[in-house]
Each structure stands twice: as C-alpha cells, then as structure tokens.
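Student:
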Amino acid sequence: MASLAASVKLKSCTPQTTQVSDNFSQLVKQQADIVRIVGEYVKLRKTGAQNYTGLCPFHKEKTGSFSVNATHGYFYCFGCHEKGDVFTFVMKLENISFPDAVRTVAQKAGIALPKREFTSPEEAREAGLRRQLLDIHEAATQYFEAALKSAEAARAREYLTGRGVTAETIAKFRIGYAPEDFNHMRNALGQHFSEDVLRASGLFSAKEQADGSQGQMYARFRKRITFPIANEQGKTIAFTARALDAKDEKGRDIAKYLNSPETALYTKGQVLFNLDKAKGDIRKNDGVLLVEGQMDCITAFMAGIHSVVATSGTAFTEAQVRLLSRFAKRAFINFDPDTAGANAAEKSIALLIEEGFDVKIITLDGGLDPDRFIRDRGVQEYLAAISNAKRHSDYLIDRARQLYPGRTADAKVKAMNFLLPHIRRMPSGVARAEFADDAAQKLGIDSAILRQELRQAAAQRSESVRSHQHDPANETERILLRALVLNDDDPARALAAARLSEHPEWYDGLPSSAVLEALALTPAPANPLDAAPDQASRILLARALEHPPEPAEGAVTQTASLAEQVEDALHTLKRRHLERKQRETRMLMAEAERRGDEPMLAKLTQEKLLLDRQLREH
Ligand SMILES: [Zn+2]
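Note that our numbering numbers the sequence shown so that position 43 is 76, with each residue one more than the last.
Below you can see the structure in the form of structure tokens.
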C-alpha cells in the first residue's frame, strides 16, 4: 500500500468549508482505533482475538448484540442491524455530518486536520454551488421575513394571528411572506447571486420558450405565507408556502400548499420539518411525535411539545424513518382523521414497525387536527390524548372493523386480510403472537382455518428478520468467507476466489452461497459487510468474521495457515458436492428402474461409477 502520509495533500489558504477529502478520511480511518473510539460511547468486552461486544447504543437491549471488529474496522448489531465504520458510528451517535465525523474522529485519534483542499475542479464547483444555494436560501428567508412586516402582508399577518401564531413563533420558525409581485424578489436577489444560482435554487420559475430555451425567471412563491424547511443543522434548504387565496386573479383554483422543487440541496422525502429543533428532545425522550402539517408541528412545539416533526404533506418515506431511527425508537403518530390521513397513518405504521419502532396512534375527539385541537382545548388535553394513544395493533384492529363492519364470514376474512401483512411485519415473535390473538378475539374469528392462518402469520416473520436468530453456516463456509474478505493479493483469498468462481456448483444451495458468490467474483469493499447482498448473508458474514480461524483438529501447538485451511475447506466443499450428486443419482436410478427405463438406467449407472471413482480419489 502506498505511503498514506504521501497521499495526503496538505494545501493551505483556501477557505475552510464543511468538506473533507477522501484521502484524509482514509488516513483517519486507517489510524483511528475503532475499538477505542466506540469504547468511549459503549462499554466493550473482548470476545475474540479481534472482536469486541457490548450493549447496542442504537436499540434497547439487555444482552450485547453489538459487535465491533477491529481487523476490518466495522461495527455490526445482530439485533437492529445497524452497521458501518468508525465514521458512521460517530455520525449516528452524535447526529453530525460525515465531514464533521471525520474531524471528530481525527481529533480523538490525535491526527492533525489538513487545511481545505478539493480533489477536483468539479468537486470545488459543486461545493461552491451548494454553498451559494445555502446562501441564497438564507437570503430568501430574510427577504420573506422582511416582507411579512410590509403593508402588503396585512392579510397574512391577520391570518397568522387568527391561528394563534405569536410574534415569538414567527421569529422562531422564521415564517415569512412572499409578495404578489413576479419580479421584485428576482431583482432583489439578483444583485447578490448569479443567474445560474438563481435558476438552480428552485425559488424561481420560468416559462419554456418556443425555441426550447428558458424564459425570464419570476418568483415561484407569490402571495403566500412561507415556512422555511431546514436541514438537520437548521439551515434553510427549501420552502413550503401556503396560499392566502383559494383562487388566482383569473378565478382559477390554486394549490393551498406549494413546495420548493428538488434541488442540489433538497430531496423530497429525505427531510422532516422541524427535525433541526426537535432532535435533541426526541433523543432525550426516546420518542417522536409525528404530525402531517407544518402548522400542527409549530403549534405543538410552541405549546411546549418539543419532540415533534412534520412529514409536511408528502408521503412518509423509508429515508425519513431511517433518519428518525437515529434519534428514537418510539413514535406517536397523529395524522388528520380523514381518509387520506388514515391511509397515510397506516403506511407510516408499516414503515416504522419494519424499522423496529414502537408505534402508538393518537386519535383526537371531534375529528380535529392537532393544531386546532391544541388551540381549542389546550395543551393539557392534548397531552392526555398522547398518553391515551392506542398501541398500533389495537388501532389497526379497530380500523379493520371500521373498514369491514359486520359479523359475516366475508367481513371477517377481509378484516383479517387487512391485518395479516401488518402482523407479519413485526420483528418480535412474541408481539406477533399477541397481535394475532388479539385480532382473532376482537374480530370474533372462531373458524379453525382462519385462526390457523393468523397463527401462521404470527409464526413466520419475513426471512430478513427470522434469519438473525441463528447462524446456519458451518466452519467450512466461515473459513472461506474469512479468506475472501482479505486483500486481492493474499494467497488464501486468491485460492478461494479462483476455485469458487470456477465451481459455483460446490457451494450452490449453502446458506452462505449468495455472499460466497459475491465475494468470489469481486474483491471485498472497504467494509466487507457491504458485499453481502441481503441481511441474512450479512449476518453470516459478520458471524464468520467475529472469530479467528479455529485451530485445525489435532494441531494443538500450531495453527494451520489460512491458505491451508482454505485448501481443506475447498476439499470438503467438493466432497460434499460429489456426495450430494451421488445421492441424487442413486435416487434417479431407483426411479428409472421403477419405470423400466433401461437406457436412462444405463446412463445413470455410468454417471454413478464416475462419481464413485471421483470420491475414492478425492
Ligand atoms: Zn442494535
């Protein structure tokens, strides 16, 4: 490997930004001791030559499923399946960006930080554009804030006052107003930003011309109350804006809410409204209140419920669930009581349950949304509603009965079909059984067949979760996996990769076949776990790498080299493959005999003789 120090370019004088180079992060990763750094957060116990175990900081547990592999520099939790390297670990626990994690780890490891450097002109340009987009969003936020104080914004202020939004709230959430004028904002911001930045910001629209080019830009948000959408660091990256009128000047209907389009800064479905302000409290309470609208979120927050975020009108996504799971594993959902809200709640429940969240559903009296409820009834009553939230299973059973009322067999089957996917999704077997029992009882299911279906749903969870219970790979497979993750020039890796890619039939059907195949064909990535194509394979691989190779039988004083162990393992695989084929051939022969198929029998006999010989010589 080339000298690490030489590969790090230490340039000075360019302004410090939030970027760090690949070279520097590689250097830090090589030099920082992951065991020591994780050990600052988690009490670790040595469980293998290079393996350490502790209680997982990402999920609640009593026995340690969390393991750190010093050789390969990764962590993996067999319980919640969080995984990554030392940077991922610090990013997740400290809720910081990758560049900040690199800096933090560098500091902990006593590695001096380089001055800013870009590896390519593209990178510099990209970083430059992002910075300018952040700047223009800050400028736009200020522009809208100032406009809210103008004479034109009188109606906007009235609307806000009418909804109980105080000056303090306006300042805290940086609520603003987008004036009716098409050109004013472009002219104002155009004094400070280039045309390219204005275009890339998503703050302006332009009509396509007859020749396909973009016409003059004009303000996207007009005559609307603006709410900045911030990233986790609290920087504005987009806006959502509420119309003051239901119709435009020509009498056409206009959308009540208008959002920024996706830009280099903003990807829909990857941001949660208010997460920047809420994240500390979400982690402290190990719980998040999930609402739909910005106003619901703002009202709850200002009433003192600080661990609240809003999906802000878009469908809740897996990316958002993963984002939340860094802070808490309990969620309270309070969506609108209408059909759309109920459907959104169901989908959100599904996503959260799959990520291992404990989910409760809040339903409010009188069909009110959280904003209205808190303003009408006060925060005490709202807190009472939170503490009366239903377990998600109870909520779904009630919902099934609502959707398919009546006690007919048909209604019961439909209600059950509605519930089955939700039951299957739950990670815990105990919880699934309980859910299934509750459902059977509350739906009044007395048919033995239907009960059996429910019980089966409870027993069989999707493969991904089921498989983490045990480790069906044997030592032969583990030896090969350990060899395959080594550098490409290692003799053990070279041998295993060459023979396995030549003979896929040797490992066909084994528990580890998918990951053996992936690693035989391509060298392992920096974090070897990333080579595993699915979770079951990842568990097998993590288990295999947990312990060093076991001493060969009879070798008390001397351990066989890994290459020798690989040789043996390949030998074993081939023998098992031949034995399998021998068994198959015997069965086919018996079958051919029964049918009186003489030609087939003769052909199979030849094959069996060949196999017998191969096995004898093997
Ligand atoms: Zn865990």
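Glycine included, every Cβ here is placed at the ideal spot set by N, Cα and C.
Hey, Leu-222 and Ala-172: beta-carbon distance below 8 angstroms or not?
Tutor: Position 189 of the sequence shown, counted from the first residue, corresponds to residue 222. Position 139 of the sequence shown, counted from the first residue, corresponds to residue 172. Closer than 8 angstroms, so yes.
Student: Compute the beta-carbon to beta-carbon distance between Phe-237 and Tyr-210, rounded to the nearest angstrom, for a pair I have assumed lies under 8 angstroms.
Tutor: Mapped onto the sequence shown, residue 237 falls at position 204. Mapped onto the sequence shown, residue 210 falls at position 177. Contact flag wrong, Cβ pair sits at about 17 angstroms.
Student: What's the C-alpha gap between Ser-58 and Val-548?
Tutor: Working through the sequence shown from its first residue, we reach residue 58 at position 25. Working through the sequence shown from its first residue, we reach residue 548 at position 515. Computed Cα separation, rounded: 27 angstroms.
Student: If you measure between the beta carbons of Leu-397 and Phe-406, is that distance less than 8 angstroms?
Tutor: Here residue 397 corresponds to residue number 364 of the sequence shown, with the count starting at 1. Here residue 406 corresponds to residue number 373 of the sequence shown, with the count starting at 1. In this structure, Phe-406 lies closer than 8 angstroms to Leu-397 by Cβ.
Student: Closest to Lys-380 by CA distance: which of Met-328, Thr-332, Asp-443 and His-455 is it?
Tutor: Indexing the sequence shown from 1 puts residue 380 at position 347. Out of Met-328, Thr-332, Asp-443 and His-455, His-455 has the C-alpha closest to the C-alpha of Lys-380.
Student: Taking contact to mean at least 3 C-beta pairs separated by less than 8 angstroms, is the stretch 302-312 in contact with the stretch 336-345?
Tutor: yes
Student: In whole angstroms, what is the alpha-carbon distance linking Thr-51 and Leu-162?
Tutor: Translated into positions along the sequence shown, residue 51 becomes position 18. Translated into positions along the sequence shown, residue 162 becomes position 129. Reliability of the predicted coordinates at Thr-51 is poor, the pLDDT of 45 falling under 50, and the value obtained from them is presented with this limitation in mind. Thr-51 and Leu-162: Cα-Cα distance of roughly 13 angstroms.
Student: Spatial neighbours of Phe-306 within its chain, please: CB distance less than 7 angstroms, with the 5 preceding and 5 following residues excluded, ordered by chain position.
Tutor: Against the sequence shown, residue 306 aligns to sequence position 273. Once the five neighbours on either side are set aside, the close Cβ partners of Phe-306 are Ile-262, Gln-327, Cys-330, Val-342, Ala-343 and Ser-345.
Student: Under DSSP, the beta strand (DSSP E) around Cys-110 begins and ends at which residues?
Tutor: The count along the sequence shown starts at 1 and reaches residue 110 at position 77. For Cys-110, the enclosing beta strand (DSSP E) starts and ends at 107-110.
Student: Starting from the N-terminal side, write out each stretch of the alpha helix (DSSP H) that is 4 residues or longer and does not extend beyond the stretch 200-254.
Tutor: Every unbroken stretch of the alpha helix (DSSP H) spanning 4 or more residues and falling wholly within the stretch 200-254 is given here in chain order: 200-206, 217-223 and 228-233.
Student: Counting pairs of beta carbons, one from the stretch 283-301 and one from the stretch 246-264, are three or more of them closer than 8 angstroms?
Tutor: Flag = yes, the stretch 283-301 and the stretch 246-264 touch.
Student: What whole-angstrom Cβ distance do Arg-434 and Ala-422 have, given they're in contact under 8 angstroms?
Tutor: Numbered from its first residue, the sequence shown carries residue 434 at position 401. Numbered from its first residue, the sequence shown carries residue 422 at position 389. About 18 angstroms; that fails the 8 angstroms criterion.
Student: Across which residues does DSSP place Ser-100 in a beta bridge pair?
Tutor: For this step, residue 100 is matched to residue 67 along the sequence shown. In DSSP, Ser-100 forms a bridge with Thr-86 and Tyr-109.
Student: Is it right to say Thr-638 is buried, meaning 16 or more other beta carbons lie within 10 angstroms of its own, or is it exposed?
Tutor: Along the sequence shown, one-based indexing puts residue 638 at 605. Exposed is the call here.
Student: Could you give the C-beta distance for Leu-552 and Leu-517, rounded to a whole number, given that I count them as a contact under 8 angstroms?
Tutor: Your numbering for residue 552 matches position 519 in the sequence shown. Your numbering for residue 517 matches position 484 in the sequence shown. The Cβ separation is near 4 angstroms, so the contact holds.
Student: List the whole-angstrom C-beta distance separating Asp-427 from Arg-363, where the pair is believed to meet the contact cut-off of C-beta under 8 angstroms.
Tutor: Locating residue 427 in the sequence shown gives position 394, where the first residue counts as 1. Locating residue 363 in the sequence shown gives position 330, where the first residue counts as 1. Their Cβ separation, rounded to whole angstroms, is 16 angstroms, which puts Asp-427 and Arg-363 out of contact at 8 angstroms.
Student: Which residue from Thr-174, Ile-169, Ile-203 and Gln-266 puts its Cα closest to that of His-225?
Tutor: Position 192 of the sequence shown, counting from 1, holds the residue named residue 225. That would be Ile-169, whose Cα lies nearest to the Cα of His-225.
Student: Classify Gly-587 as helix, strand or coil using the three-state DSSP reduction.
Tutor: Within the sequence shown, the letter at position 554 stands for residue 587. Note that Gly-587 scores a pLDDT of 43, beneath 50, so its modelled location is shaky; the value from the coordinates is reported in the next line. It is coil, neither helix nor strand.
Student: Rounded to the nearest angstrom, what separates Asn-128 and Lys-93 at their Cα positions?
Tutor: On the sequence shown, residue 128 is found 95 positions in, with the first residue counted as 1. On the sequence shown, residue 93 is found 60 positions in, with the first residue counted as 1. When rounded, the distance between both Cα atoms is 18 angstroms.
Student: I need the DSSP call for Pro-392, collapsed to helix, strand or coil.
Tutor: As a position in the sequence shown, residue 392 is number 359, starting the count at 1. First, the amino acid is wrong: residue 392 is Val here, not Pro. Val-392: strand per DSSP, three-state reduction.
Student: Below 7 angstroms, is the gap between the Cβ of Ser-358 and the nearest heavy atom of ligand 1?
Tutor: Working through the sequence shown from its first residue, we reach residue 358 at position 325. No, ligand 1 has no heavy atom inside 7 angstroms of this Cβ.
Student: Since I believe Lys-125 is in contact with Phe-91 (beta carbons under 8 angstroms), could you give me their beta-carbon distance rounded to a whole number of angstroms?
Tutor: The sequence position of residue 91 within the sequence shown is 58, counting from 1. The sequence position of residue 125 within the sequence shown is 92, counting from 1. Yes, they are in contact, since the Cβ atoms of Phe-91 and Lys-125 sit about 7 angstroms apart, within 8 angstroms.
Student: Taking C-alpha atoms, which residue in Arg-609, Arg-571 and Leu-578 lies nearest to Asp-541?
Tutor: Numbered from 1 along the sequence shown, position 508 holds the residue referred to as residue 541. Considering only Arg-609, Arg-571 and Leu-578, the residue with the shortest C-alpha distance to Asp-541 is Arg-609.
Student: Compute every distance between the C-beta of Glu-115 and the non-hydrogen atoms of ligand 1, then say whether any falls below 7 angstroms.
Tutor: Locating residue 115 in the sequence shown gives position 82, where the first residue counts as 1. True, at least one ligand heavy atom lies under 7 angstroms from that Cβ.
Student: Using a 10 Å radius around the Cβ and a threshold of 16 neighbouring Cβ atoms, would you call Gly-143 buried or exposed?
Tutor: Against the sequence shown, residue 143 aligns to sequence position 110. Exposed, because fewer than 16 other Cβ atoms sit within 10 Å of the Cβ of Gly-143.
Student: Which residues in the same chain as Leu-77 place their Cβ atom closer than 8 angstroms to its Cβ, once the five residues preceding and following it in sequence are excluded?
Tutor: In the sequence shown, the residue the question calls residue 77 occupies position 44. Excluding residues within five positions, the ones whose Cβ falls inside 8 angstroms are Val-68, Val-71, Tyr-85, Thr-86, Gly-87 and Val-101.
Student: Around the Cβ of Val-589, are there at least 16 other Cβ atoms within 10 angstroms (buried) or fewer (exposed)?
Tutor: Translated into the one-based positions of the sequence shown, residue 589 becomes position 556. With a pLDDT of 42 at Val-589, under the threshold of 50, the predicted position of this residue should be treated as unreliable, and no value is reported.
Student: Does the stretch 129-140 come close enough to the stretch 200-217 to have 3 or more Cβ pairs within less than 8 angstroms?
Tutor: no
Student: Let's test the definition: count the other Cβ atoms within 10 Å of the Cβ of Asn-367 and tell me whether it reaches 16, buried, or not, exposed.
Tutor: Here residue 367 refers to the residue found at position 334 when the sequence shown is read from its first residue. The residue in question, Asn-367, is buried, as its Cβ has 16 or more Cβ neighbours within 10 Å.
Student: Identify the residues that DSSP records as bridge partners of Tyr-290: which are they?
Tutor: One-based indexing of the sequence shown puts residue 290 at position 257. Looking at the DSSP assignment, Tyr-290 forms a beta bridge with Arg-275.
Student: Between the C-alpha atoms of Val-451 and Asp-431, what's the straight-line distance to the nearest angstrom?
Tutor: Walking along the sequence shown from the start, residue 451 turns up at place 418. Walking along the sequence shown from the start, residue 431 turns up at place 398. One detail in the question is off: residue 451 reads as Phe in this sequence, not Val. Approximately 11 angstroms, taken between the alpha carbons.
Student: DSSP has Pro-261 in a bridge; who is on the other side?
Tutor: As a first step, residue 261 must be located in the sequence shown, where it is residue number 228. For Pro-261, which the question treats as bridged, DSSP gives the partners Phe-272.
Student: Under 7 angstroms: does the beta carbon of Ser-461 sit that close to some heavy atom of ligand 1?
Tutor: Translated into the one-based positions of the sequence shown, residue 461 becomes position 428. Outside the cutoff, so no.
Student: At a threshold of 7 angstroms, does Ser-546 count as lining ligand 1 (C-beta to nearest heavy atom)?
Tutor: Residue mapping note: residue 546 aligns to position 513 of the sequence shown, counting from 1. No, ligand 1 has no heavy atom inside 7 angstroms of this Cβ.
Student: Between which two residues does the beta strand (DSSP E) holding Val-342 run?
Tutor: Taking the first residue of the sequence shown as position 1, residue 342 is located at position 309. Taken as a continuous stretch (DSSP letters only), the beta strand (DSSP E) holding Val-342 covers 341-343.
Student: At a threshold of 7 angstroms, does Ser-98 count as lining ligand 1 (C-beta to nearest heavy atom)?
Tutor: Locating residue 98 in the sequence shown gives position 65, counting from the first residue. Yes, since a heavy atom of ligand 1 falls inside the 7 angstroms radius drawn around the Cβ of Ser-98.
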